[in-house]
Amino acid sequence: MNRRSFAAQRKRPERPMRVLHAVAELYPWVKTGGLGDVASALPLALAREGAELRLVLPGYSAFLDAFAGVRDAARLKTPFAAERVRLLLARLPQEGGLAYLVDHPPFYDRPGGPYHDQEGRLFADNHRRFALLGYAAAALAAGADREWRPQILHAHDWHAGLAPAYLAARPSGEEKAATLFTVHNLAYQGLFPAAIFPELQLPPAFFALDGLEFFGQVSFLKAGLFYADRLSTVSPTYAREIETPRFGAGLDGLLRARARHLTGILNGLDPEIWDPARDPNLPQNYGVEDAPAGKRAAKLALLRRFGLEERERQPLFGVVSRLITQKGMDLVLESVPHLVARGTALALLGTGDGDLEEGFRAAARAALGRVGVEIGYDEALSHRIIAGADILLMPSRFEPCGLTQLYALHYGTLPLVRRVGGLADTVVDAAPEAIARGAATGFIFDDETSDALRAAIDRAILLFRKPEARRVMMRRAMTRDFTWAQSARQYLALFRELLEERGRSAPA
Ligand code: ADP
Ligand code: GLC
């Protein structure tokens, strides 16, 4: 059997649970961040645990070009087009999985990214583009494809937030899938002016405090949070943080009210893509045993790639990140002179906020040979930084889960992070007692200031000069288990609970 097959690999005699994921990104075709990674890895992990998985995706041309059509699954009358919209069932090339593509070229066949045009401006009709995704997902969850009816609809982020609302708006006698809504980042809410509400053709009563209204606007995120049967987010710590005003982005009241139905399930790492022993982007592959040699080769190649001085004995800090304040990249920029003064080097890859991009470019010009900056999006280079750096900087202000630090750990690169969200759940600080126990895997600091970041950088530099402690930490980091299988089991337990609660456990 194909190793990456989505076909349920049955472990139990009963019929596998049928789960439909509604999501706007899918690595490697459409990805702006961790969501795309999750959308490609989680369904596969669920399939390996015995579930039957399908996705519903916007019909971007990147998908239509890459996936082979299997059949027309449905034609939907929707509020968004005069003609019926086709749901095309297609096969994913690498993994043999199945996805429904919402085939509506006027919405999805355009230059630019999934949400922005080529100049980086949000598309003006995003409310329609993603309402259609939610509408199609709800239709499938209510049996629009006569040949396959999901028991669970798992919707991700604001882009799919209307799916539970459209499902709730359907006739109550209808058989419908149970819903889980997962928040990957509460800061992106899909907010639109109240004036667009009639276009959605949802019941007028839905535009209310007990509904999808948010301070006079339409919130796609709140629709998901309000109408889904269950809620989850991508780390246990973030799940509790977002119930507080500090992290709740105005939705903490609703999240507190639904606390019983909100869980945190950590993301995992896809070893097919992130594995130093097989990674084709590295000069030399390595495992736990030969990590020092493999990392030395990766570091040297990286120093050369960025034109940095080949001072192997000095720690090399790495960054692979969206350049935004969420990620604490302003704190990193303020700390660059300190890194240079301490004799270390920095290799950074990222895109994002124009001021930060310019700031990092200027920092590189001011410290030639010590600070290397690549503004852009580059998968291969991201792997080479994760492998070649000694320490990964990720001082996020908030972090729902974070995948980059998981990749770093697995490559023996010690993450330096703030104690928030998924970072707090996945990195163990190099406190003397944790080093002695062999548990430490990185460096954690608390205050949201560049002073605190610099103090943590100093601690990391000190530790770097203690080869034995460093070796123990690297080994521990590389052997931590953050596979998707663990997460998938937790999702499946949640789905089972949800179906039982609804009084209709998976039919035999
Ligand atoms: P977020 O989704 O908030 O950006 P995550 O850590 O969950 O944060 O995921 C980020 C993903 O995007 C990782 O796979 C990371 O390697 C990747 N990434 C971020 N910036 C870049 C970039 N400039 N080039 C290549 N990959 C990037
Ligand atoms: C979001 C979060 C990130 C998380 C990713 C995948 O982009 O910012 O922390 O890892 O989603 O869940």
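Going by the working numbering, the sequence shown opens with residue 862, and the numbers climb by one from there. A virtual CB, placed ideally from N, CA and C, is assigned to each residue, including glycine.
| query | In the structure shown, what three-state DSSP assignment does residue 1033 receive? | reply | coil
| message | Please tell me whether, using a cut-off of 7 Å, the distance from the CB of residue 1213 to the nearest non-hydrogen atom of the ligand GLC is below it. | response | no
| the stretch 1225 to 1236 / the stretch 1124 to 1133 touching (three or more Cβ pairs under 8 Å) | no
| message | I want to check one thing, is the minimum distance from the CB of residue 1243 to the heavy atoms of the ligand ADP below 7 Å? | response | Here the distance from the Cβ of residue 1243 to the nearest heavy atom of the ligand ADP is below 7 Å.
| said: Tell me which residues share the same chain as residue 1359 and place their Cβ nearer than 8 Å to its Cβ, disregarding the 5 neighbours each side in the sequence. | reply: 1013, 1039, 1041, 1090 and 1091
| request: State buried or exposed for residue 1152, treating a residue as buried only when at least 16 other CB atoms are found within 10 Å of its CB. | output: buried
| Quick one: is residue 1276 buried, meaning 16 or more other Cβ sit within 10 Å of its Cβ, or exposed? | buried
| said: Using a Cβ-Cβ cutoff of less than 8 Å, which residues in the same chain neighbour residue 1350 once the five nearest sequence positions on both sides are dropped? | reply: 910
| Using a Cβ-Cβ distance under 8 Å, would residue 1245 count as near chain B? | Absent from the structure is chain B; it holds one protein chain and no more.
| Which value, in whole angstroms, describes the spacing of the CA atoms of residue 1111 and residue 1100? | 15 Å
| message | Does the contact criterion of 3 or more C-beta pairs under 8 Å hold for the stretch 1107 to 1126 versus the stretch 1075 to 1088? | response | As far as the Cβ criterion goes, the stretch 1107 to 1126 touches the stretch 1075 to 1088, which means the pair count is three or higher.
| query | For residue 1278, which beta-bridge partners are listed by DSSP? | reply | 1255 and 1305
| request: Return yes when the C-beta of residue 1095 is under 7 Å from any heavy atom of the ligand GLC, and no when it is not. | output: yes
| request: Note down, in chain order, each residue of its chain lying with its Cβ closer than 7 Å to the Cβ of residue 1260, except the 5 sequence neighbours on either side. | output: Correct list, in chain order: 1281, 1282, 1283 and 1284.
| query | By Cβ distance below 8 Å, which residues in the same chain neighbour residue 967 in space, the five residues on each side in sequence not counted? | reply | Here the set comprises 942.
| Contact between the stretch 1191 to 1202 and the stretch 1296 to 1305 (3+ Cβ pairs under 8 Å) | no
| Which of helix, strand or coil does DSSP assign to residue 899? | Reduced to three states, the DSSP call for residue 899 is helix.
| What number of angstroms, rounded off, separates the C-alpha of residue 1356 from the C-alpha of residue 878? | 9 Å
| field | Closer than 7 Å: residue 1102 CB and nearest the ligand GLC heavy atom | value | no
| field | C-beta contact flag for residue 1177 and residue 1171 at 8 Å | value | no
| Which residue from 1105, 1073, 1060 and 1123 puts its Cα closest to that of residue 1095? | 1123
| By Cβ distance, which residues of its chain are closer than 7 Å to residue 1074, with the 5 residues on each side in sequence left out? | 1068
| message | Using the Cβ count rule (16 or more neighbours within 10 Å means buried), how would you classify residue 1369? | response | Confidence is the limiting factor: at residue 1369 the pLDDT is only 40, short of 50, which leaves the residue's position unreliable, though a coordinate-based value still follows. Exposed, by the Cβ-count rule.
| request: Under 8 Å Cβ to Cβ from residue 1071, same chain only, skipping five residues before and after it: list those, please. | output: Around residue 1071: 1087.
| field | Secondary structure of residue 1300, DSSP reduced to three states | value | For residue 1300, the secondary structure class from DSSP, reduced to helix, strand or coil, is coil.
| query | Rounded to a whole number of angstroms, what is the C-alpha to C-alpha distance between residue 1026 and residue 1180? | reply | Approximately 39 Å, taken between the alpha carbons.
| task | Select from 934, 1141 and 1257 the residue whose C-alpha is nearest the C-alpha of residue 959. | result | Residue 934 is the option with its Cα nearest to residue 959.
| query | What is the DSSP secondary structure of residue 1201, counted as helix, strand or coil? | reply | helix
| Whole runs of the alpha helix (DSSP H) within the stretch 934 to 969, excluding any shorter than 4 residues | 966 to 969
| query | Under a Cβ-count criterion, where at least 16 other Cβ atoms within 10 Å of its own Cβ denotes burial, should residue 904 be classed as buried or exposed? | reply | buried
| request: Could you tell me which residues DSSP puts in a beta bridge with residue 919? | output: 963.
| Ordered list of beta strand (DSSP E) runs contained in the stretch 982 to 1067, each at least 3 residues | If we require 3 residues or more, the beta strand (DSSP E) runs fully inside the stretch 982 to 1067 come out as 1013 to 1017, 1039 to 1044 and 1052 to 1054.
| said: Would residue 1212 and residue 1247 qualify as a contact pair, given that the criterion is a beta-carbon distance under 8 Å? | reply: No, they are not a contact pair.
| said: For the ligand GLC, I want to know if residue 1046 counts as a neighbour, meaning its beta carbon is within less than 7 Å of at least one of the ligand's heavy atoms. | reply: yes
| query | Among 908, 1104 and 1054, which one has its Cα closest to the Cα of residue 1121? | reply | 1104
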